[in-house]
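Notes follow the structure.
Number of protein chains: 4
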Amino acid sequence: MFIRMTFTAAVAGASGYAGGEILRLLAAHPDVEIGAVTAHSNAGQTLGQHQPHLRSLADRVLEPTTAEALAGHDVVVLALPHGASGEIAARLPDDVLVLDLGADHRLASAADWETYYGSAHAGTWPYGMPELITGPGTRQRESIAGARRVAVPGCNVTAVTLGLQPGVAAGLVSPADVVAVLANGYSGAGKSLKSHLLASEALGSAQPYAVGGTHRHIPEIAQNLRTAGAPDVTISFTPTLVPMSRGILATATARLVDPATPDDAIRAAWQDAYADEPFVHLLPEGTWPTTAMTLGANTALVQVAVDRRAGRVVTVTAIDNLVKGTAGAAVQSMNIALGLPETTGLSVEGVAP
Amino acid sequence: MFIRMTFTAAVAGASGYAGGEILRLLAAHPDVEIGAVTAHSNAGQTLGQHQPHLRSLADRVLEPTTAEALAGHDVVVLALPHGASGEIAARLPDDVLVLDLGADHRLASAADWETYYGSAHAGTWPYGMPELITGPGTRQRESIAGARRVAVPGCNVTAVTLGLQPGVAAGLVSPADVVAVLANGYSGAGKSLKSHLLASEALGSAQPYAVGGTHRHIPEIAQNLRTAGAPDVTISFTPTLVPMSRGILATATARLVDPATPDDAIRAAWQDAYADEPFVHLLPEGTWPTTAMTLGANTALVQVAVDRRAGRVVTVTAIDNLVKGTAGAAVQSMNIALGLPETTGLSVEGVAP
Amino acid sequence: MFIRMTFTAAVAGASGYAGGEILRLLAAHPDVEIGAVTAHSNAGQTLGQHQPHLRSLADRVLEPTTAEALAGHDVVVLALPHGASGEIAARLPDDVLVLDLGADHRLASAADWETYYGSAHAGTWPYGMPELITGPGTRQRESIAGARRVAVPGCNVTAVTLGLQPGVAAGLVSPADVVAVLANGYSGAGKSLKSHLLASEALGSAQPYAVGGTHRHIPEIAQNLRTAGAPDVTISFTPTLVPMSRGILATATARLVDPATPDDAIRAAWQDAYADEPFVHLLPEGTWPTTAMTLGANTALVQVAVDRRAGRVVTVTAIDNLVKGTAGAAVQSMNIALGLPETTGLSVEGVAP
Amino acid sequence: MFIRMTFTAAVAGASGYAGGEILRLLAAHPDVEIGAVTAHSNAGQTLGQHQPHLRSLADRVLEPTTAEALAGHDVVVLALPHGASGEIAARLPDDVLVLDLGADHRLASAADWETYYGSAHAGTWPYGMPELITGPGTRQRESIAGARRVAVPGCNVTAVTLGLQPGVAAGLVSPADVVAVLANGYSGAGKSLKSHLLASEALGSAQPYAVGGTHRHIPEIAQNLRTAGAPDVTISFTPTLVPMSRGILATATARLVDPATPDDAIRAAWQDAYADEPFVHLLPEGTWPTTAMTLGANTALVQVAVDRRAGRVVTVTAIDNLVKGTAGAAVQSMNIALGLPETTGLSVEGVAP
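Going down the list, the protein sequences come from chains V, H, C and G.
Quick note, the first sequence lines up with residues 1 to 353 if you use full-length UniProt numbering.
Quick note, the second sequence lines up with residues 1 to 353 if you use full-length UniProt numbering.
Quick note, the third sequence lines up with residues 1 to 353 if you use full-length UniProt numbering.
Quick note, the fourth sequence lines up with residues 1 to 353 if you use full-length UniProt numbering.
Put into structure tokens, the structure is as follows:
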């Protein structure tokens, strides 16, 4: 005899890009049935009007985003603007698994939150990055198992953390002067109607944003590297928008603690860190990740090189910002939290070319 | 009790774009186990060197493309250059399901083949477009059921045929002066190292090719429209390369037989044709297909409008050229041929934005 | 002794894409000095805030768009939304050269205007397409010479007209069933904040718009082909947005009047039409235009082929929509109207790759 | 009375991207007449076959690249692969102005050349970056005046040097741990037929190359920063290819020497450095450069910010790699060397959007 449990899931913010992506993944998940889909100003319209690529859900009608509409599901995914999830999450029962795709519950430090977001801190939830190194032989997934609240990490944060944490955790690279520059697809900016997000401005051009230490993902990266074992983290972080819809290519460098550390030891740190990870892969030497390799997949591809003249380790990490960077991480955490196999419903193969 | 059959599948031409895409789909197919993967000049190398996005198959070694390497599988997919599949197919046992992604076995007319390809015709196989209207109430899928040889349609052909056939079959539009102009992603041109396929030439530019009635897909479109009921087909067909990797957006127009045909009757023809199709969807009035809506999916999205002043019906069809246009059509046909549910292992949701 | 006249020019709508492009061209024009630059909601801000690529004009302050601000210049360019130029033009002196980049004064038929634009017709001005064939041996430039009001043509109209008019004027092709499908860059849609114009929606995708005979450029194309000698014009016209910022690639086909017309006679019609044109070039046989070849230039590149099976001539024309399609045509017309050499200040070389 | 000198110029390597761009600029230069255009394997073909966007030169026939073909011109531009210019330059008369777009004569240190290029050093020529700070109040343009050999800088080098040198020369930032990550358009890679340069691989993707301190532009950047006043330079440099044809967006960071240096002092260093430069512009605070702003122009746009937490200055510089990064720098240097106004024939306005 065979019993298969099915979990019901509601999605708030279903008309946005993150909401659309979580619905795409949940529609393919064998153990989930999609329940309420909600939106704010688009309530009353069909999902097909806002997410026409989600063919199997085209006729679903968007309900207003309220605790009532979200009630009665096993899982609730909040794909809301930063600052909006705290209040609604507080009104959901404790035994419902709530996955917050926004930033509200990621930071442990209320001071960090206030510095970068300028509002009251909503609190801290278990952090949904299963591969985060939390100590010798331990990973963040252990804190996700059985959790009923999960703060899904930021997309840029995921790329930079996965690139650097093996060296930080092994004590081989210094977190004291990390520099990260990212090539970002436009979907990370959401559906906001801003002139610099217009196709005419984006096509054939590259543009930076949030330069000079102002990006809100900075304290989250620092928090992760501290979790991975670094006492004191300093990071210069610059994202740049490049003409692609999806994808993050993060180049993150850190100084070698001991300039004489042999290449093998460095490579071994990254290999050991990810040898058993289903979704984070260190590529063979000489192969460099591209974002296309990860499109639509929950895969993070990492490569590391040593620049002896500069005394720095250079890591490059590619992810799909909407999958491993957002919705895929949410499903992966959901699987862990619900006791399902971690990889259920998630693909490792990118849609390329 | 529950028995699940698993079919083994070999893929020839596994280092190319079509080969990579069929592998991506078969890796996700619950009833298929991937066996031999073969290539020509790349034999001996790993799949990871050529298809680094196919993470679960990265360590597979490419064997030389020979009948011996392909033997012993339930299914063989030939993703070879035009003209290369006839010989190798002839050496495969009759009870093996052979799916030819190339053009060799698509045309019923040897004369057509010789005119457009300039070589000897390899023969005609059952045509792998399940939705092709073959008569009142009948579809091509009936000819695929149980077949052990399937000629998978061309990508441009699929888009134009699906756009126009409802009106042709219903006798509402004339096939006598069809005009089709397509916006095509570059992956349709394969991995050939040609200067007009370089990124520097493609980015920020649109370029036509095979203008003036020379494209080899023309006789195949005509053949399909004849199958759908048109006695005499004339088609002007112009593909244009636009800066995207995947996707075909086909604008295909045909004259109304009776200029007074009401809009409702026209719309009804398209609605009736696709109401029960799992992968071909007529969009709601006013919504126009985009290629992004179909990326990675086996979906064809169709819209139709009437231009009364021009006396023409205008259809726009979007597909992913590598999925519904190639590898997805192959899997769909494979499912039918093997008696599996037609939709097994195929997604309808596009990866957007 | 040497005297060089300098003309002063004001630009209304200077913060938009068309306004920016006319400023880019006028800044390089040896006989023009840029005077007032005006805007509507952006008045009071600097040009550098809206057109940061116009380095030499960055500190200019945008004045409100009023007849007063525009007064006192030799030339006034109106880069305003459709429907906005009639009123302001009426308040400018008759001896000022007014170039209207909008549609308001292009159509000779008030009925056409009302059908497609739904408002009162502002009147008809000399039409600013110098190469338009107006009769045996005559061109539209003769009507522009000395004019003080010029209606600059639409961008799509320019591409389709230049592609087809040689065959129409020579009586070789029928204007009775023209079909045109265009690949369009996004800048043609202006800076409007609409969700389908966002980079995330555009990148990696192609999307049609104004399908089914609704596009406002249709009556203007028909008017031009009538001017070129066609008594009765029918046109099916479909633009499609593709992921590039600039450029139009227009595929326009028309039926041969006499299917037996030899290739040479057809080619000769196009060659004769454009042999002496400085900005419209018929490419050598076998070379097809791409939009990149025309980027930033006032060049239209045309190619023609005969599809004997389809009984159609197929033309492909590439232009930069903001130059030959808008601002370059304005400067060319300005040169003619002012008695300057027609090519002054205009480049024929595209910025490629 | 008025006498205008005209200089004749030959271009070797005229069928490549750099060769095409120098021809585009020289065709618009009022004091230059283009003479011989030469190529290697494409000799005997027309320029129109390889540079169809250069309309005014389409009928020019490519001669073989020999000293004989290049003789008899006032200016010779070498747009040849690295390593190829030394031999041919040696055979040109001393009084001919030779502009080498390749790397052969850029480095002062033969050892650096041999380390990064692995061949014998061809020698060192005056370096063609007029804005390079060579001491208090002095610039490199002084060494170019009257020169008859000029080594044109590398494109990445130009972007990084212009971004950082004001702070280095002012002693405000340390050159000891510079990190630069660049977003690069594909034209920088030339017309080579390599699979990672195919449109299908580039579109929708970002990919790094030459990671880990191996890029040949590194010693040239270090040389420039030493010239600007830094005794000891260490640089981590990572270029990444992003889906655009042209453009470099360089994010370059360096540590503050004194963390307490006020913002004003830092900004003043950049303002002072570029206040009088015609082609290098510090943007107003809060405006960040994009590559589109510089397309087709000889402009470098620079912005600087201070990240107090990271203790780093972050600079972002945008250039068109083929203009200010290559051919425009050559024309600018040519103007200086020949005693023409430095800005002759060069545009500061980018072609945007």
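Don't be surprised by glycine CBs; every beta carbon is placed ideally from N, CA and C.
Please read these numbers as outputs of a predicted model, since none were measured by experiment.
Going by DSSP in three states, residue i sits in which element: helix, strand or coil?
i      : result
G:T161 : helix
G:D104 : coil
C:T261 : coil
V:V211 : coil
H:V351 : coil
V:E142 : helix
V:A230 : coil
V:V76  : strand
C:N298 : coil
C:P64  : strand
C:T315 : strand
H:T291 : helix
In terms of residue numbering, what span does the alpha helix (DSSP H) encompassing residue i cover?
i      : result
H:T115 : A110 to Y117
G:L225 : I218 to T227
H:V331 : G328 to L338
C:G48  : L47 to H50
V:A202 : A199 to A202
Between residue i and residue j, is the Cβ-Cβ spacing less than 8 Å?
i      : j      : result
C:A329 : C:V152 : yes
G:G154 : G:E220 : yes
G:V61  : V:G212 : no
H:A28  : H:G345 : yes
V:L164 : V:T261 : no
V:A297 : V:E349 : yes
C:T38  : C:A58  : no
H:L92  : H:D74  : no
G:I34  : G:A9   : yes
V:T66  : V:D31  : no
V:P126 : V:A147 : yes
C:L256 : C:G311 : yes
Tell me which same chain residues have a C-beta within less than 6 Å of the C-beta of residue i, skipping the five on either side of it?
i      : result
V:L225 : V168, P175 and V233
V:S85  : L78, D100, G102 and D104
C:E277 : E131
H:H217 : G154, N156 and V157
In the DSSP assignment, find the beta strand (DSSP E) that holds residue i and state where it starts and stops.
i      : result
G:S236 : I235 to L241
H:H281 : V280 to L282
C:L26  : Premise fails: C:L26 lies in the alpha helix (DSSP H), Y17 to A27, not in any beta strand (DSSP E).
H:G35  : V32 to A39
H:G135 : I133 to G135
Once the 5 residues before and after residue i are set aside, which same chain residues still bring their CB inside 7 Å of it?
i      : result
V:L162 : E131, V280, A300, V302 and T317
C:A352 : A292, M293 and L295
H:T134 : Q140 and T227
Can you list, in chain order, the residues of its chain with a C-beta nearer than 8 Å to that of residue i? Leave out the 5 residues immediately preceding and following it.
i      : result
G:N42  : S15, Q49, H50 and L62
G:G339 : A145 and G146
Report task. Please determine if the stretch 319-338 of chain V and the stretch 10-21 of chain V are in contact, where contact requires at least 3 C-beta pairs separated by less than 8 Å. Result -> Between the stretch 319-338 of chain V and the stretch 10-21 of chain V, the count of Cβ pairs shorter than 8 Å is three or higher; the stretches touch.
Requested in this report: Specify whether the stretch 194-210 of chain V and the stretch 178-193 of chain C touch according to this definition: at least 3 beta carbon pairs, one from each stretch, less than 8 Å apart.
Outcome: For the pair of segments examined, the stretch 194-210 of chain V was found to touch the stretch 178-193 of chain C: the number of CB pairs separated by less than 8 Å reaches three.
Query raised in the report: Would you say the stretch 233-244 of chain G touches the stretch 130-146 of chain G, given that touching needs at least three Cβ pairs under 8 Å?
Result: Taking one beta carbon from each stretch, the stretch 233-244 of chain G and the stretch 130-146 of chain G have fewer than 3 pairs nearer than 8 Å; the two do not touch.
**Report entry** Segment contact flag, the stretch 303-310 of chain V with the stretch 262-270 of chain V, C-beta cutoff 8 Å, min 3 pairs
**Finding:** Contact holds: three or more Cβ-Cβ distances are below 8 Å.
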